[in-house]
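S.K.: In our numbering, the protein residues as written are 5 to 102.
Below is the structure:
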């Protein structure tokens, strides 16, 4: 049995840029591979259902995507704080030596 799954995905970035992609999953590559336990098509169906549920939460806003947003200023400030910490640690290390 050969199965080909085709997904058309359209989405828009925060900046308003629209994207459109097509994803093809060709299950014929796995033809002839046996599996003990859950049948392949049942596993695929359950996995697709899980992906659908997770994606529905993201698109509805029910669950937010966990992101960290830092500006260049944030990164520069963090870098300066790290340098100051290391310099202070090196100074304490040198002062504690006999």
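Positions of the beta carbon are idealized from the N, C-alpha and C atoms, including for glycine. Because the structure is a prediction, the values reported are computed rather than measured.
(1) Pick helix, strand or coil for residue 74, following the three-state DSSP scheme.
(2) Suppose you measure from the CA of residue 29 to the CA of residue 77; what does that come to, to the nearest Å?
(3) What three-state label does DSSP hand residue 35 in the structure shown?
(4) Between the Cα of residue 9 and those of 20, 94, 27, 19, spot the shortest distance and give me the residue it belongs to.
(5) Tell me whether residue 21 sits in a helix, a strand or coil according to DSSP, three-state version.
(6) Could you tell me which residues DSSP pairs with residue 27 in its beta bridges?
(7) Taking the straight line between their C-alpha atoms, what separation do you get for residue 95 and residue 86?
(8) Would you say residue 44 and residue 34 are within 9 Å of each other, going by their C-beta atoms?
M.R.: Looking at the coordinates:
(1) Locating residue 74 in the chain shown gives position 70, where the first residue counts as 1. Under the three-state reduction of DSSP output, residue 74 falls in the coil class, being neither helix nor strand.
(2) Looking up residue 29 in the chain shown gives position 25. Looking up residue 77 in the chain shown gives position 73. Taking C-alpha positions only, residue 29 is separated from residue 77 by approximately 42 Å.
(3) For the purposes of this step, residue 35 is taken as residue 31 along the chain shown, with counting starting at 1. Coil at residue 35, not helix or strand.
(4) Numbered from its first residue, the chain shown carries residue 9 at position 5. Out of 20, 94, 27, 19, the CA that lies nearest to the CA of residue 9 is found in 27.
(5) Translated into positions along the chain shown, residue 21 becomes position 17. If DSSP states are grouped into helix, strand and coil, residue 21 belongs with coil.
(6) As a working note, residue 27 is residue 23 in the chain shown. Answer is 11, bridged to residue 27.
(7) As a position in the chain shown, residue 95 is number 91, starting the count at 1. As a position in the chain shown, residue 86 is number 82, starting the count at 1. Straight through space, the alpha carbons of residue 86 and residue 95 are spaced by roughly 14 Å.
(8) As a position in the chain shown, residue 44 is number 40, starting the count at 1. As a position in the chain shown, residue 34 is number 30, starting the count at 1. If you check the CB distance, residue 44 and residue 34 come in under 9 Å.
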